[in-house]
Amino acid sequence: MLSALIIGNEVLTAKVAEANGAHVLKRCRERGVEVQSVHFVRDDVDSIVEAIQLARRRVKFLITSGGVGPTHDDVTVRAVALALNREVVRLPEMEARIRSYYGDRPVPAEAMRMAEGPAGSTLLASEDVRFPVLECNGIFMLPGVPQLFRVQFEAVLERMPGRPLSLRQLYLSVGEADIAAALDAVALAKPNVQIGSYPTWDDAADHKVKLTIEHLSTEETASVVAELKQRLPAGSIVRED
């Protein structure tokens, strides 16, 4: 199980449309990795430290997005180090990569901020050969730029234990009040199966409620679908997938 921490004043002030949190949820679902929470926090060291410490009490892995660049508001590495009670150190491999990137050009001192990490950090290779993923004690520090985040997040996902769920969906022509009793009965009998009910108020939709049924076992989801079909109002299922 993991949590994600989306860092950046630009996100919380709507200067930038946030996309990384939604991407984490989508890809984790596809890979069968459970997400405990997604949090948003400003570029403030104390706030980030507090959010990290809270998340680490609940999950084994934490993904951070943003705050790992060379500018004054990139404070994620320092915050992670403080949360883990570690020093910020220069990482030789990252320093070498940055110097290689600049080639014969002078390397700005600010660029070397991206060579820093909490003591004990490791670097995970990703498809972005320029900059690997920075990891320390189960915290993966990723850039906020969506194009870079998505590439590096794939490298993180490869290391996450997961198993995709079996999903079935029923689309109904009746409202939630008409199906609540049926859902109560099936949910009580099958507490290990996740049953979701999602109404829509879109007049153009062909249904009023979408039901989702999820479990690791296809047999379990099929069993619940069969039970729901017996209990739901006759003729209320518009379609299923």
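If you're matching positions, the sequence shown starts at 1 in the numbering used here and goes up one per residue. Yeah, the Cβ is synthetic: ideal placement off N, Cα and C, and Gly gets one too.
Residue burial classification, S65 (beta-carbon count within 10 angstroms, cutoff 16): Looking up residue 65 in the sequence shown gives position 65. Buried: at least 16 other Cβ atoms inside 10 Å.
Cβ atoms of N9 and G144: under 8 Å apart, would you say? Your numbering for residue 144 matches position 144 in the sequence shown. Your numbering for residue 9 matches position 9 in the sequence shown. Result no, Cβ atoms of G144 and N9 do not sit closer than 8 Å.
How long is the line joining the alpha carbons of L157 and F140, rounded to whole angstroms? Numbered from 1 along the sequence shown, position 157 holds the residue referred to as residue 157. Numbered from 1 along the sequence shown, position 140 holds the residue referred to as residue 140. Near 11 Å, if we compare the C-alpha coordinates of F140 and L157.
Check each candidate in A182, T221, V174 and name the one with the smallest Cα separation from N192. Residue 192 sits at position 192 when you count from the first residue of the sequence shown. That would be T221, whose Cα lies nearest to the Cα of N192.
Endpoints, beta strand (DSSP E) assigned at R239: Numbered from its first residue, the sequence shown carries residue 239 at position 239. First-last of the beta strand (DSSP E) with R239: 237–240.
I need the boundaries of the beta strand (DSSP E) containing K190, first residue and last residue. Reading the sequence shown from its first residue, position 190 is the one you call residue 190. Where K190 is concerned, there is no enclosing beta strand (DSSP E), given that its DSSP letter is neither H nor E.
Does the Cβ of D203 have 16 or more other Cβ atoms within 10 Å, making it buried, or fewer, making it exposed? The sequence position of residue 203 within the sequence shown is 203, counting from 1. Its Cβ having fewer than 16 others within 10 Å, D203 is exposed.
Between the stretch 226–237 and the stretch 177–186, do at least 3 Cβ pairs fall closer than 8 Å? A contact exists between the stretch 226–237 and the stretch 177–186.
Under DSSP, the beta strand (DSSP E) around V38 begins and ends at which residues? Taking the sequence shown and counting its residues from 1, the one referred to as residue 38 is at position 38. Residues 35–41.
Apart from the five residues on each side of it in sequence, which residues of its chain come closer than 6 Å, Cβ to Cβ, to V238? For the purposes of this step, residue 238 is taken as residue 238 along the sequence shown, with counting starting at 1. Counting only Cβ-Cβ distances below 6 Å, and skipping sequence neighbours, we find Y171, S173, D206, H207.
What would DSSP say about F149, mapped onto helix, strand or coil? On the sequence shown, position 149 is the one that residue 149 refers to. Helix at F149.
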